[in-house]
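A.B. asks: Numbering follows our numbering, with no gaps: position 76 of the sequence shown is 82. Please read through the structure below; I'll follow up with questions.
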Amino acid sequence: DKPPQGVNHTFSSLPKDIVLGCLHHVPRNDLLNVSCVSKTLRTLVSSPELNRMRSFLPKDTIYFCCHYQNSCHWSTLRRSKKKNK
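As structure tokens, this is what we get:
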């Protein structure tokens with residue numbers, strides 16, 4: 007199955023806020039690799055908007071993506087607080 011001609015399946019075809027929403031889930035140490043993909047992604051990775059979005063992320067959270075068949079679902083794992091007994 008080929009996509010219809012003229013359909014662009016790249017990040018640059020998506021609205022900026024959608025791409026930033028995706029990038030804000032990418033682990034910080036992987037953003038350097040993402041920034042090498044294109045000038046557009048390099049600009050977004052270094053943008054103040056992305057840094058502002060990432061500043062609100064909890065520091066003890068792990069983000070992961072679950073792939074099942076043709077769907078992708080982002081989830082988070084948070085470290086549980088230890089209870090003093």
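Every residue gets a Cβ at the ideal spot worked out from N, C-alpha and C, and that includes glycine. Since we're looking at a predicted model, the values are computed, not measured.
Name the two residues that bound the continuous alpha helix (DSSP H) containing D23.
C.D. replies: 22-29
A.B. asks: On the criterion of 16 or more Cβ atoms from any shown chain inside 10 Å, does L56 qualify as buried, or is it exposed?
C.D. replies: By the C-beta density criterion, L56 is buried, having at least 16 other C-beta atoms within 10 angstroms.
A.B. asks: By the three-class DSSP mapping on this structure, what secondary structure does T49 have?
C.D. replies: helix
A.B. asks: Got a sec, what are the start and stop residues for the alpha helix (DSSP H) S19 sits in?
C.D. replies: First-last for S19: undefined, no H or E at that position.
A.B. asks: Going by the DSSP bridge assignment, what does C78 pair with across the sheet?
C.D. replies: H73
A.B. asks: Is it right to say L63 is buried, meaning 16 or more other beta carbons lie within 10 angstroms of its own, or is it exposed?
C.D. replies: exposed
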